[in-house]
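Numbering (the numbering used here), first residue to last: 297 to 552.
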């Protein structure tokens, strides 16, 4: 497999000979205001330009949308993406929204969904703590992760926008992934806390999956992500995690 870190949570995953574009966030730098009610909301998004050519990004076989927050699927993506490629989403509610935008082949993921020789499995996650969902469930919404399996490939677990919780622990136990991609930017909402993983959660995943390689994504692009790549690298060094943790820069390609 190849994991091409594009920007934020946007990836191109080449798996079993199939190219999946994940969570395209394609606007130019500073196109949008910061997310209201989050930390550093005065900073405009995206904070950095795309460093991958658009023709590379648009060269894909299928699209995966883990959820529809605008830093995972934005207005620019809606304008730029072809309407006839398969789009995999987390549920029928998201499917109807995507169909209304003119996409013609929209498929909710199930326990096992086959495409191009790859088996995709939807996994559960939670975009914040249980306490955060008491007050912020409507804001945070539902999210999914995806497990990729194919003959001759290692198992990939794309966790999606989730913090560490029992659901993630169960996914690790059930699928025993060889490679794990984490949303690792420690996005913060005052009153709700971390809504994706920070250093403590990343270490918990590292320690809970002692054979897996971990990839840190969703960093240094949106205003409320407070954990930098340099800070995570220092934490990894101090905690003996460097052998199994990759922190790709935008446009880096990792192969496993």
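For each residue, glycine too, the CB sits at the ideal point set by N, CA and C.
Whole-angstrom C-beta distance between residue j and residue i, which should lie under 8 Å
i           : j           : result
residue 394 : residue 348 : 23 Å between Cβ atoms; not a contact.
residue 415 : residue 446 : 7 Å
residue 520 : residue 484 : 5 Å
residue 321 : residue 367 : 5 Å
residue 522 : residue 482 : 5 Å
residue 502 : residue 510 : 6 Å
residue 512 : residue 542 : 7 Å
residue 297 : residue 552 : 5 Å
Whole-angstrom distance between residue j and residue i, CA atom to CA atom
i           : j           : result
residue 343 : residue 547 : 15 Å
residue 540 : residue 508 : 7 Å
residue 449 : residue 312 : 7 Å
residue 436 : residue 536 : 32 Å
residue 499 : residue 363 : 25 Å
residue 516 : residue 477 : 16 Å
residue 351 : residue 317 : 12 Å
residue 440 : residue 534 : 31 Å
residue 429 : residue 525 : 28 Å
residue 345 : residue 365 : 19 Å
residue 538 : residue 529 : 8 Å
residue 339 : residue 545 : 21 Å
residue 438 : residue 457 : 9 Å
residue 479 : residue 325 : 20 Å
residue 489 : residue 337 : 15 Å
residue 315 : residue 433 : 33 Å
residue 443 : residue 451 : 7 Å
residue 497 : residue 417 : 23 Å
residue 305 : residue 550 : 15 Å
residue 466 : residue 475 : 16 Å
residue 375 : residue 406 : 27 Å
residue 327 : residue 353 : 19 Å
residue 319 : residue 307 : 7 Å
Residue i, enclosing beta strand (DSSP E) - first and last residue
i           : result
residue 302 : 298–303
residue 445 : 440–445
residue 311 : 306–311
residue 417 : 414–420
residue 516 : That residue, residue 516, is in no beta strand (DSSP E); it is neither H nor E in DSSP.
residue 626 : Because the chain is modelled from 297 through 552, residue 626 falls outside the range shown and cannot be assessed.
residue 314 : 314–318
residue 411 : 409–411
residue 335 : Note, residue 335: premise wrong, no beta strand (DSSP E); not H, not E.
residue 550 : 549–551
Residue range of the alpha helix (DSSP H) that includes residue i
i           : result
residue 352 : 350–353
residue 346 : Careful: residue 346 lies outside any alpha helix (DSSP H) and carries neither H nor E.
residue 436 : 426–436
Using 8 Å as the Cβ pair cut-off and three pairs as the minimum, do the segment 368–377 and the segment 419–429 touch? no
Write down every uninterrupted run of the alpha helix (DSSP H) in the segment 360–402 whose length is 4 residues or greater and which is fully enclosed by it, in chain order. 371–376 and 388–396
Meets three-Cβ-pair contact criterion under 8 Å: the segment 381–388 and the segment 351–366: yes
Three-pair Cβ contact test at 8 Å for the segment 325–335 versus the segment 401–412: no
Between the segment 391–405 and the segment 450–469, can you find at least three pairs of beta-carbon atoms closer than 8 Å? no
Any chance you could list the beta strand (DSSP E) runs of at least 3 consecutive residues sitting entirely within the segment 452–486, in chain order? 452–454 and 475–479
In chain order, what are the residue ranges of uninterrupted alpha helix (DSSP H) at least 4 long that sit wholly in the segment 482–513? 495–504
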